[in-house]
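S.K.:
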Amino acid sequence: MATVRYRAIAFVAALMFSMDWIARAEAEPLKIIFDHDGGIDDFVTLLLLLSRPADVKLLGITILDADCKIDLAVNTTLKILYTLGFRDVPVAASSLQGANPFPELWRWSPLRRVPYCRTVDVQPLINGMRPEELEPQRVKTPGEDFLAELLLAQPEPVTLVSTGPLSNVAHVLTRYGEAAASKIKKIYWMGGALRAHGNVVAPGHDGTAEWNAYWDPEAVGAVWRSRVPLVLVPLDATNAVPVTPDLVYRFGPQSDSRYSVLAGIIWSKVISWVYERPHEPYYAWDTLTAACVLRPGLCEVEETVETYAVTEGRSQGRTALADDADEDAGTCRPEEGAEGGSGRGGACSAAVLRGGTPPRNVSVVWRVEAEAFYAFVLEALRV
C-alpha cells in the first residue's frame, strides 16, 4: 500500500510540477542569489536551484564558514557548478565568523577525522577538471561585500535564498542600508523555531534556538529590525522532511541523470549519521527552503505572522511568536509607528535591553506534506 501511495503522490507531484513550469515558460527567469554554509544538504539545494536554468537565473553564491570548512565548501560548490556547465556563476567566501560556532561533531566525522563535506568534495563525478579551471569563478572579494556588490548591480530586486546563518545578509543591510535592502525582493531563510523546540544544545543556553540563528544572534536581530520581506522556513516545517535511506534509494531508478546521481550520493553521506543517532534525524532543511521558492504551492505559508528575535542571554538566537511575549523577557511592544513594529503600542525600551527586537511581521512556512516534497525533488532532479 505504501508503494501505491508513493506512486500516486509522485504522479500528482509530477503533473503539478510540469504545469507549474509550463506556466512559467513565458515569464522571466527568477533571479536568485544563494547564500549558504556548505552543509551536506546545501549541495543538494544547489542541484535543485540549477535543475531548471530556463526558469531560474543563479546570479551568484556566497558561503559562510559555518556548517562546513570554508575552503571545502567553496571548492565543492565550484566543482558542482563546473561539472554541470554553470561556468559563469561567481562564488565568494565570507570572512565573517559567528559568536557561537557549530559543534565540531557536526562539522567533522569522528570516525574518519575529516570534515563531513569532504565526503562530497572527493566524489569522482565532480572532479573531472583541473584545479586551475575553477579559478575564474572564484571571487577574491569577501563574500559579505560581494553580496552587496551583486545586489547593488541589479536593475530590479532579486530573491535571496539563505540557508545558513544570516551574517552576510545582516552585514549588507547594516553597512549598505536602504541602497542594498531595496534590491532584495524577498529573503527565504532556513532558520528559527517558532512553535517547535530549538535544536541548540550548548552550555548556558535554554534550548529554544535553532542553530543557524544561534550561530550569529546579532545578525538575526539586524534582519528582524529591517523592513526586507522575510519568509521563514523554520524547524516547524523542516522537522517533517527527514533524509531517510528510503529516500536515497529512490534516486536509483533515475541513475541516468547526473543530477539524481549526485543528489543520491550527497544525501547518502548522512545515512551513517541517521543510523548512529536515531534520536537526532538529519533533515532536508535547506532543500525544503529552495523547494518553497521554486514551487510555492508545495509549502503551507502564513503570510503575516508577528514575531521577534532574541539576540542575547540564555535565549539568544530564539525566534518567537509575539503572542508568546508575556512568557519571555526578551520582547517588546513598540510605540505606535515605531520602525519594524506592529503599531499596537506598549512599552518597548526596557524589553529591548533584555535582548529582544521589536516585533515584525514575517511569512512563515508552517507545514509541508513530506511525500509531496520528496516527489517534487525527485522529479526536479530527473534531468
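Counted the way mature numbering (1 follows the signal peptide of the UniProt record, and there is no 0) counts, the sequence shown spans residues -27 to -1, 1 to 356.
Built from N, CA and C at the ideal position, the CB exists for glycine as well.
Nothing here was measured: the structure is a model prediction, and the numbers come from that model.
Would residue 365 pass as a contact of Met163 if the rule is Cβ separation under 9 Å?
M.R.: The question about residue 365 has no answer, for the chain in this structure spans -27 to 356.
S.K.: For Ala126, count neighbouring Cβ atoms within 10 angstroms of its own Cβ and tell me buried if that reaches 16, exposed if not.
M.R.: Flag for Ala126 reads exposed.
S.K.: Pairs of beta-carbons, one from the stretch 62 to 76 and one from the stretch 91 to 103, closer than 8 Å: are there three or more?
M.R.: Output reads no: the stretch 91 to 103 does not touch the stretch 62 to 76.
S.K.: Would you call Lys30 buried or exposed, if buried means 16 or more other Cβ atoms sit within 10 Å of its Cβ?
M.R.: With fewer than 16 other Cβ atoms within 10 Å, it is exposed.
S.K.: Helix or strand or just coil, what does DSSP make of Ala166?
M.R.: Note: Ala166 maps to coil in three-state DSSP.
S.K.: Closest to Tyr55 by CA distance: which of Pro104, His178, Tyr256 and Asp14 is it?
M.R.: For Tyr55, the nearest C-alpha among the options comes from Pro104.
S.K.: Ala65 and Thr35 look like a contact to me (Cβ under 8 Å); what is the Cβ gap, rounded to whole Å?
M.R.: The Cβ separation is near 5 Å, so the contact holds.
S.K.: For Leu45, I'd like the list of residues in its chain whose CB is within less than 8 Å of its CB, leaving aside the five on either flank, ordered along the chain.
M.R.: Once the five neighbours on either side are set aside, the close Cβ partners of Leu45 are Gly11, Pro88, Cys90, Arg91 and Asp94.
S.K.: Which word fits Pro76, buried or exposed, when buried means at least 16 other C-beta atoms lie within 10 angstroms of its C-beta?
M.R.: Pro76 comes out exposed.
S.K.: Classify Tyr222: buried if its beta carbon has 16 or more other beta carbons within 10 angstroms, exposed otherwise.
M.R.: Classification for Tyr222: exposed.
S.K.: Whole angstroms are fine: how far does the CA of Gly328 sit from the CA of Asn334?
M.R.: If I take the Cα positions, the gap works out to 18 Å.
S.K.: By a C-beta neighbour count over all protein chains shown, 10 Å radius and 16 as the cutoff for buried, is Tyr187 buried or exposed?
M.R.: Flag for Tyr187 reads buried.
S.K.: Can you find the residues in the same chain that come closer than 7 Å, C-beta to C-beta, to Val174, ignoring five residues on each side of it along the sequence?
M.R.: Excluding residues within five positions, the ones whose Cβ falls inside 7 Å are Gly180.
S.K.: Which of the three DSSP states, helix, strand or coil, is assigned to Pro215?
M.R.: Of the three classes helix, strand and coil, the one that applies to Pro215 here is strand, per DSSP.
S.K.: Are the CB atoms of Thr136 and Asp219 within a distance shorter than 9 Å?
M.R.: Against a cut-off of 9 Å, the Cβ pair of Thr136 and Asp219 comes out as no contact.
S.K.: Looking at the structure shown, is Val221 part of a helix, part of a strand, or coil, going by DSSP?
M.R.: The answer is helix: DSSP assigns Val221 an H, G or I state.
S.K.: Measure the CB-CB distance between Leu146 and Val201 and report whether it falls below 9 Å.
M.R.: Yes, the Cβ-Cβ distance between Leu146 and Val201 is below 9 Å.
S.K.: Suppose contacts are defined by Cβ-Cβ distances below 9 Å. Is Glu273 in contact with Arg340 by that definition?
M.R.: Result yes, Cβ atoms of Glu273 and Arg340 sit closer than 9 Å.
S.K.: Along the alpha helix (DSSP H) that carries Ser241, what are the first and last residues, could you check?
M.R.: Note, Ser241: alpha helix (DSSP H), Arg231 to Ser241.
S.K.: By how many angstroms is the C-alpha of Asn212 removed from the C-alpha of Ala348?
M.R.: For Ala348 and Asn212, the distance between alpha carbons rounds to 17 Å.
S.K.: Since Leu205 is in the alpha helix (DSSP H), which residue starts that stretch and which ends it?
M.R.: Unbroken run through Leu205 is the beta strand (DSSP E), Leu203 to Val206; no alpha helix (DSSP H).
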